[in-house]
Each structure stands twice: as structure tokens, then as C-alpha cells.
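Residue numbers for the sequence shown follow my numbering, beginning at 582 and rising by one. Here a beta-carbon is modelled for each residue, glycine too, at the ideal position from N, C-alpha and C. In this text the structure is predicted, and so the values were computed from the model without any measurement. A short worksheet on the structure shown next.
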Amino acid sequence: RTSLSHQATARARMGRRPWKCSRYIKNKPYIKSRYCRGVPEAKIKIFDVGKKKLPVDTFPACVHLLSLEKEQISSESLEAARITANKHMINSVGKDNFHIRVRLHPYNIIRINKMLTCAGADRLQTGMRGAYGKPYGLSARVKINQVMFSIRTTLKGEDAAVEALRKSKAKFPGRQLVYVSRNWGFSPFPKDVFMAGRQMSQEGQIEWKGAIGIIKADGVGTKFASKRSVRLSKLGIYHVSSGDIKERASDAMRLNWTL
């Protein structure tokens, strides 16, 4: 009786399996569906922290955390890394001078085939027969060079963002790279191109990927406004092959007609 109670206590104390059991991608993605119910909630619920609603012009600097391995990242480690980065940025630059965005979302389900550890377990369990496990947790699948975290901040806070992501690296398995972006905030434009295209005048037009236009703010991101890729019917051209019907309004290709 003493041995049985001791084994039961040891089983109750036993924590989660080490992540080396689930770190590597080896099967198809297994996500929540109507066939797979009873999935536990992800530990991370907040993916944007800091001043997430400030416009794109506010924070010119941007630092990314890149994965150097193809692996699975648990939702627990994502939450731990988010807390670490947020705390460091608050202590370094203040709560009003940064925006952290978690770029990974844990949708992949981790399964576990629980085995009994009590006395007489060999009479109850079936070994590898029917070894398909039950949902145990959630993870995100990450590729090589995929962005995991992004921080936009002021130019003075760039070093603090680098240090925040360096601390967050300790929460993940594998290797990561802290990369200082040359772009303006979360936009795809380099800083000099962004400043030239944001003058909002005829002189402020820039050439970008073969089109000429200006850069417009769109929340934390940007829109490139040009006259390229315009629906033919807007130019008064109608053709059967393009699906245009002269009397019917349609916006299937309503792109960039904002100048």
C-alpha cells in the first residue's frame, strides 16, 4: 500500500514532457476541426503589446527575431518570450515607445499517448497497440528564416529592442537570429524611400517595383498608391474576355486607383 501511494504521488508531481519530444516536424499538420475536438487552449492569447494603434510614422526603427531552424514552437514558449520582451522594453524605453508583434500563431496540435505508471499497469495498458494519442497542447510550425517576433520603436529604442529579443531567444529551442531591419517600421519600404514617398505631393512620387506613386499610411502599415493594375472598365475599355459588363458595377480588380 505504501508503494502504491508513493507511485501515485510521483505521478501527480510529474510535469510536462520535455519539448525535445515534440520539437521536430515529422508529420502532416494536425489542427483543430470538427473531427478533432477537446483541444486545450493556447497559452498565448495576446499577439500585439505596447502602443499597437499608433500610426506608421511614429516608430521608424524595426527589429525582427528570425528562426534559423525548421521546428515546432510551443504556445508556452511564445507566451514566455512575449512577457520577457515586453518587460524589457517597458523598463528600457517606457510603455508608450514600442509595439511588439508576435508573428507566429500556434495552431498545430501536439498529441500524447499517456502510459500508466502505477503497480499492475502492465495488465491494464496495451503498449504500442492503439498508440494514437490525445490532444496535449498547441504549437506553431516555423521555417528557416521565418520571422517570429517583430518590434517597432523609436530610433533611440533600437538597441533596447535588440536586447529584448536577445533575451527572448532563451525561451525557444534551436537557434534564432536578431535582425535589425533597414525598413521603416512594419512597412516594406527602406527608410529613405519611405520618407521620399510620404511627402504626399507630386514631387513625392517614387518608383517602386515598376510603378510610380506615393506612400499612404494604413494603420500600422502602408499602401502604395499608383495608377498601375487598374480595372479596364475604369478607363472606359470593355472586353468580353476580362469579364466586364458595361452596365454592371464590379470591383473585382479595384486596385491602387487612389491618385
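Exposure of residue i, with buried meaning 16 or more beta-carbon neighbours within 10 Å
{"i": "E788", "result": "exposed"}
{"i": "S614", "result": "exposed"}
{"i": "Q780", "result": "exposed"}
{"i": "I796", "result": "buried"}
{"i": "G794", "result": "buried"}
{"i": "R592", "result": "Caution applies to R592, whose pLDDT of 48 falls short of 50 and renders its modelled position unreliable; the model cannot decide the point."}
Selected residue, minimal CA-CA separation from residue i, among the options
{"i": "A661", "options": "G794, F730, K804", "result": "F730"}
{"i": "P687", "options": "K790, V743, L736, P621", "result": "P621"}
{"i": "A642", "options": "L697, K624, Y760, I654", "result": "Y760"}
{"i": "R747", "options": "D629, F628, G701, L646", "result": "L646"}
{"i": "T734", "options": "V630, K607, N608", "result": "V630"}
{"i": "T639", "options": "K804, A798, F805", "result": "A798"}
{"i": "L635", "options": "F805, G800, K804", "result": "G800"}
Spatial neighbours of residue i in its chain, beta-carbon cut-off 8 angstroms, leaving aside the 5 residues before and after
{"i": "R692", "result": "Y611, Y713, G714, K715, P716, Y717"}
{"i": "K724", "result": "S648, K651"}
{"i": "N764", "result": "C643, F770, P771, K772, F775"}
{"i": "V743", "result": "V644, V759, V761"}
{"i": "E739", "result": "A642, V644, V761"}
{"i": "M619", "result": "The amino acid at residue 619 is misidentified as Met; the sequence shows Gly. Answer for G619: K715, P716, listed in chain order."}
{"i": "T839", "result": "With a pLDDT of only 44 at T839, under the threshold of 50, the placement of this residue in the model should not be trusted; the figure read from the coordinates follows. So the qualifying residues of the chain are K797, K804, A806."}
8 angstroms contact criterion, which residue i and residue j should meet: CB distance rounded
{"i": "S656", "j": "L719", "result": "5 angstroms"}
{"i": "V644", "j": "I732", "result": "5 angstroms"}
{"i": "G802", "j": "F770", "result": "The pair is not a contact, with the Cβ atoms about 10 angstroms apart (cut-off 8 angstroms)."}
{"i": "C602", "j": "I690", "result": "Rounded, the Cβ-Cβ distance is 14 angstroms, inconsistent with contact."}
{"i": "R663", "j": "V728", "result": "Incorrect: roughly 14 angstroms between the Cβ atoms, too far for contact."}
{"i": "H669", "j": "A751", "result": "12 angstroms between Cβ atoms; not a contact."}
{"i": "I681", "j": "A702", "result": "About 46 angstroms; that fails the 8 angstroms criterion."}
{"i": "I654", "j": "A721", "result": "5 angstroms"}
{"i": "K737", "j": "F679", "result": "Not really, about 11 angstroms apart at Cβ, beyond 8 angstroms."}
Residues near residue i by beta carbon distance below 7 angstroms, same chain, minus five either side
{"i": "Y624", "result": "According to the sequence as given, residue 624 is Lys; it is not Tyr. Hits under 7 angstroms: S656, E657, E660."}
{"i": "R704", "result": "none"}
{"i": "I606", "result": "K651, E652, Q653, R722"}
{"i": "I671", "result": "none"}
{"i": "M696", "result": "Q706"}
{"i": "K804", "result": "K797"}
{"i": "R604", "result": "E652, Q653, P754"}
{"i": "A745", "result": "A666, H669, M670, I732"}
Residue i at chain B interface by Cβ criterion, 8 angstroms
{"i": "R763", "result": "No chain B appears in the structure shown, which is made up of a single protein chain."}
Residues near residue i by beta carbon distance below 6 angstroms, same chain, minus five either side
{"i": "A777", "result": "I787"}
{"i": "N694", "result": "A712, G714"}
{"i": "N726", "result": "L647"}
{"i": "S749", "result": "A662, T665, A666"}
For the region 641 to 650 against the region 756 to 769, do three or more pairs of beta-carbon atoms, one drawn from each stretch, fall closer than 8 angstroms, so that the two count as touching? Judged by pairs of C-beta atoms under 8 angstroms, the region 641 to 650 touches the region 756 to 769, as three or more such pairs exist.
I want to know whether the region 592 to 611 touches the region 663 to 683 - three or more CB-CB distances under 8 angstroms. No: the two stretches stay apart, fewer than three of their Cβ pairs being nearer than 8 angstroms.
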